[in-house]
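Only one structure is covered here, and it is reproduced in the block below.
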Amino acid sequence: DARRVHVGIFDTAVEAAVAYARAVGEYQPPAVATEAEGLKLHLSSSNMTSYKGVYKHPSGRFQAEHYVRGRQVHLGIFDTAVEAAVAYARAVGE
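For the sequence shown, the working numbering assigns the number 8 to the initial residue and increments by one for each residue that follows.
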């Protein structure tokens, strides 16, 4: 017996396909880079981008930030999550 389940409205076909795959239990996340430009990237299982300090910006690009003595420091907006993760790794000295 088939039934319809609404999984959302999406901006792109890729986002819709990922949502569908998650809903039917077939989603396998893409491999995440753990190193770039000789730096160890900081992974995060709780962040949607998979990188600590990297967030999806409303523009669709990726924003990097970290905290110094309790104050937020904006590191920039980048085309890819890996570029933002590299900026974060440089900023925290690793």
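Heads up, the beta-carbon is just placed ideally off N, CA and C, and yes, glycines get one too.
Where residue i falls: helix, strand or coil (DSSP)
i	result
Arg-29	helix
Glu-22	helix
Glu-90	helix
Arg-10	coil
Ala-71	strand
Arg-76	coil
Pick from the options that is closest to residue i, judged by C-alpha positions
i	options	result
Ala-12	Thr-19, Val-31, Val-21	Per the sequence presented here, residue 12 reads as Val, with Ala not at that position. Out of Thr-19, Val-31, Val-21, Val-31 has the C-alpha closest to the C-alpha of Val-12.
Ser-66	Tyr-74, Thr-56, Val-14, Phe-85	Phe-85
Thr-87	Thr-19, Tyr-74, Tyr-58, Ala-98	Tyr-58
Asn-54	Val-39, Glu-44, Ala-43	Val-39
Under 8 Å between C-beta atoms of residue i and residue j
i	j	result
His-49	Ala-96	yes
Glu-90	Val-80	no
Ala-23	Phe-17	yes
Nearest-angstrom Cα separation, counted from residue j out to residue i
i	j	result
Gln-70	Arg-76	20 Å
Tyr-62	Thr-56	6 Å
Ala-20	Arg-68	18 Å
Gly-15	Gly-60	27 Å
Arg-78	Ser-52	23 Å
His-64	Tyr-74	18 Å
8 Å CB neighbourhood of residue i in its chain, flanking five on each side removed
i	result
Leu-46	Val-93, Ala-96, Arg-97, Glu-101
Gly-83	Gln-70, Ala-71, Ala-91, Ala-94
Thr-41	Lys-47, Leu-48, Leu-50
Neighbourhood of residue i by C-beta, 6 Å cutoff - its chain only, sequence neighbours within 5 removed
i	result
Glu-44	Val-93
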